[in-house]
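Here's the structure we're looking at; comments come further down.
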Amino acid sequence: MSQPDDSPRVLVVEDEPAIQRGLCDVLAYHGYQPTGSDTGEDGLREGLTGQYDLVLLDVMLPGKSGFDVCEELRAEAPRLPILMLTARGAEEDVVRGFRCGSDDYVTKPFSIAELLARVEALLRRSGQGGEAGPGPPFSIGPVEIEPERRIAVTEEGEVELSRRELELLTLLVRERGRIVSRRVLLQEVWGFERPERLETRTVDMHIAKLRKKLGAARDAIETVRGEGYRLAG
Ligand code: CA
7 MSQPDDSPRV
17 LVVEDEPAIQ
27 RGLCDVLAYH
37 GYQPTGSDTG
47 EDGLREGLTG
57 QYDLVLLDVM
67 LPGKSGFDVC
77 EELRAEAPRL
87 PILMLTARGA
97 EEDVVRGFRC
107 GSDDYVTKPF
117 SIAELLARVE
127 ALLRRSGQGG
137 EAGPGPPFSI
147 GPVEIEPERR
157 IAVTEEGEVE
167 LSRRELELLT
177 LLVRERGRIV
187 SRRVLLQEVW
197 GFERPERLET
207 RTVDMHIAKL
217 RKKLGAARDA
227 IETVRGEGYR
237 LAG
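To get this note's numbering, take the position in the sequence shown, counting from 1, and add 6.
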């Protein structure tokens, strides 16, 4: 099922194929973009790409456990919401999960309604639920940006912006005329604390999309080779 570009992306780290598939189906049905991951190692790698809004993480995984993954993800991405799946009756797992930096947990077997409620609550808390206060409108060349409606008004009409795209633009506008490094963008927009290990390609991909949407104002975002991006002053 294809979801709009802007729906929250959820990484599902679960080694049991039937459960992983079930979780992904439920999430997709409710408007999320799920991606399944079978191992802790793969989950960690995926989680660190900066592409996800939330991680659903099983505790019992072969190889690297959910606790290890949680701890390592948390060290790199302090604001990435992590929801752990723990076994019923294993209270020590819950305590350990929180100690590793998880934000919340659901116990298996869980009800779908409960899982969805937790996912929604975490996304809302992390500002992905669209409740963060939008700033005032601003313009980039001939293009008007309306943060409230999350749109860009170009010569060709209104174009919808994703939350990340709007955050990227807002940051570039705030620093207008100055170079903003990919590292700073990863820290401020994605919430990564030590982004050197991350794929900076994530930023480039988002900038490319953003330029396309800006139409006539696309060249306002300059690439400064080896350094980052700058919005023309
Ligand atoms: Ca498992």
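Beta carbons: idealized from backbone N, C-alpha and C, even for Gly.
Taking one beta carbon from each stretch, the region 80-93 and the region 102-119 have 3 or more pairs nearer than 8 Å; the two touch.
The DSSP-derived three-state label of Y35 is helix. Taking every protein chain shown into account, the CB of T208 has 16 or more other CB atoms within 10 angstroms, so this residue is buried. When the beta-carbon positions are compared, V149 and L174 stay at least 8 Å from each other. With a cutoff of 8 Å on beta-carbon distance, I146 and A223 are scored as near each other.
Residues close to ligand 1 by the beta carbon criterion (under 7 Å to any non-hydrogen atom) are, from first to last along the chain, E20, D21, E22, D64, M66 and L67. Looking at the backbone, the Cα of E82 and that of F198 are separated by about 6 Å. L60 is positioned such that its CB atom lies closer than 8 Å to that of V125.
Looking at G232, D210 and I227, the one whose alpha-carbon comes closest to that of G56 is D210. H36 places its beta carbon 8 Å or farther from that of L129. Around the beta carbon of I185, a 10 Å sphere encloses fewer than 16 other beta carbons of the protein chains shown; the residue is thus reported as exposed.
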